[in-house]
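Beneath this line is the structure, given in structure tokens, with notes to follow.
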Amino acid sequence: MSSWRRLADLVAAEGRAALVTVHRVRGSAPREEGARLIVRPDGAFHGTIGGGRLEWEALRLARAALVEARPPARFVEQVLGPDLGQCCGGVVTLLVETFELVDLAEIEALAAAEEVGAARIEACLGEDGWVRRALSLPPLRGRVAPALAGVGRGGAAFAAHGEADSARSEFSASRAPAAPPHPPFADAKGTFSRRGEKERARQPEKHWTEPLGPIPTSLLLFGAGHVGRALVLALAPLPFRVRWIDSRDEAFPAYVTANVAPVRADDPAAEIGAAPPGAFVLVMTHDHALDLSITAAALGRPDLPFVGLIGSATKRARFVARLRNFGMPEARIAALACPIGVPGIASKEPAIIAAATAAQLLAERERVAAAVRGHASSAA
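To convert, note that position 203 of the sequence shown is 202 in numbering that gives the first Met the number 0; the numbers rise steadily by one, no gaps.
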């Protein structure tokens with residue numbers, strides 16, 4: 000579950016919560032910018048900003064903020080070596096905020112933006128209040144994103160809208176000063192002590208951007224057998240949005256994780272045509288002929304960067320021969336991952352195959368992201 004969705008659910012259920020975000024990083028640090036920790040009113044928490052003393056200090060700050068009545072958000076700088084004795088050696092600036100029911104519409108807007116693929120938050124603090132919006136919605140291949148509208152703090156409106164084949168959409172939430180006026184970053188001064196010294200507190204920034212959350216990779220998973228079931232469980236906490244496809248009635252379990260959409264399809268191979276560019280494909284059905292049909296369709300789309308097929312080296316050799324007979328280009332045949340999973344793991348236990356395959360998917364996700372960054376750098 001995304002940080003903003005979890006925060007929205009928690010505020011709706013309990014009335015308030017604190018959010019700690021890794022706002023800026025200089026040098027080496029346990030987590031990247033945009034990592035988040037959500038703290039409940041009872042002190043329990045979800046997520047992590049890296050563990051150790053840094054997280055312990057962040058929890059203390061968040062729990063203290065939750066005791067106050069509408070405390071201002073504050074930026075807190077931690078020098079990991081001198082301040083906390085952590086050997087990372089970098090400097091981390093944390094953003095500590097509290098949210099209440101009055102903020103729920105704003106949180107819902109950001110959660111909705113993250114769920115449809117927005118990548119970054121832009122925040123602006125001005126005389127008229129604070130505006131937070133999500134940016135960089137990927138192209139939608141002719142689909143229109145659902146419109147969202149609501150009211151943020153102080154009655155200021157926010158909206159969310161998508162446009163077919165648009166490379167950018169905006170989800171914004173304005174927080175005008177409440178009555179009495181309460182600017183979100185007023186008087187951000189250090190008030191907590193650490194070994195007898197005041198913490199470093201940074202003055203409010205007027206404008207910044209930060210990651211909204213990891214954009215999940217679309218995955219088409221064909222087959223709801225033992226390995227398929229184990230795999231969806233392995234992928235539950237990972238950044239993948241799974242479309243789980245099978246042709247058999249009652250193939251799926253009664254309950255699935257939040258990132259999985261089960262689909263019963265009479266013609267599973269036809270699902271490939273509707274897959275978004277950049278989607279990953281894993282094929283593990285109950286029928287080898289069906290496996291071949293789906294695999295050929297997936298390899299026929301060069302914009303699908305990963306096609307995996309469960310099976311042995313013998314199965315791969317037979318499929319390669321058939322694909323050549325179909326006239327499949329050699330470059331696409333070479334792209335077929337079969338057997339699936341990271342090398343060096345020989346077990347055929349479904350849960351172990353799933354773990355090895357999840358690791359492979361994460362590695363492929365990193366590879367694709369690096370290629371995209373390299374292409375962007377060369378084009379700039």
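A virtual CB, placed ideally from N, CA and C, is assigned to each residue, including glycine.
For clarity, every value in this text was computed on a predicted model and none was experimentally measured.
About 7 Å separates the beta carbons of residue 307 and residue 282, which is inside the 8 Å limit, making them a contact pair. Note on residue 3: 16 or more other CB atoms within 10 angstroms of its CB, so buried under the neighbour-count rule. Under the DSSP definition of a beta bridge, residue 337 lacks any partner. Taking 8 Å as the cut-off, the beta carbon of residue 349 is found closer than this to the beta carbon of residue 226. Residues of the same chain with a CB within less than 6 Å of the CB of residue 206, apart from the 5 flanking positions on each side, are 123 in chain order.
Taking the CA atoms as reference points, residue 311 sits about 20 Å from residue 324. Between residue 6 and residue 120, the C-beta spacing is not below 8 Å.
Between residue 92 and residue 23, the C-beta spacing is below 8 Å. Rounded to the nearest angstrom, the gap between the Cα atoms of residue 102 and residue 10 is 9 Å. For residue 251, same chain residues with a beta-carbon under 8 Å away, outside a window of 5 residues either side, are 223, 243, 245, 261, 263 in chain order.
Measuring C-alpha to C-alpha distances from residue 48 to each of 368, 37, 267 identifies 37 as the nearest. One thing to note: residue 237 has its Cβ no nearer than 8 Å to the Cβ of residue 278. Counting along the chain, residue 242 sits inside no alpha helix (DSSP H); it lies in the beta strand (DSSP E) bounded by residues 239-245. Excluding its 5 nearest sequence neighbours in each direction, residue 13 has C-beta neighbours in its own chain below 7 Å: 39, 40, listed in chain order. Rounded to the nearest angstrom, the gap between the Cα atoms of residue 235 and residue 356 is 13 Å.
Around the beta carbon of residue 321, a 10 Å sphere encloses fewer than 16 other beta carbons of the protein chains shown; the residue is thus reported as exposed. If you ignore the 5 residues before and after residue 94, its C-beta comes within less than 6 Å of the C-beta of 20, 22, 74, all in its own chain and listed in chain order.
Residue 301 and residue 294 have their C-alpha atoms spaced approximately 12 Å apart. Each of 53, 18, 46 was checked against the Cα of residue 64, and the nearest Cα belongs to 18. Short of 6 Å from the beta carbon of residue 114, and not among the five residues preceding or following it, lies no beta carbon of its own chain. A distance of 8 Å or more separates the beta carbons of residue 271 and residue 288. The Cβ neighbour count for residue 365, taken over all protein chains shown within 10 Å, is under 16; the residue is labelled exposed. Rounded to the nearest whole angstrom, the CA to CA distance from residue 59 to residue 104 is 27 Å. DSSP places residue 294 in the uninterrupted alpha helix (DSSP H) bounded by 287-298. In summary, residue 249 is exposed, with fewer than 16 beta-carbon neighbours lying within 10 Å of its beta-carbon over all protein chains present. Taking the C-beta atoms as reference points, residue 352 is found nearer than 8 Å to residue 340.
Residue 120 carries a strand assignment under DSSP once its states are collapsed to helix, strand and coil. For residue 54, DSSP records no beta bridge to any residue. If you compare the alpha carbons of 318, 273, 313 with that of residue 292, the shortest gap goes to 318.
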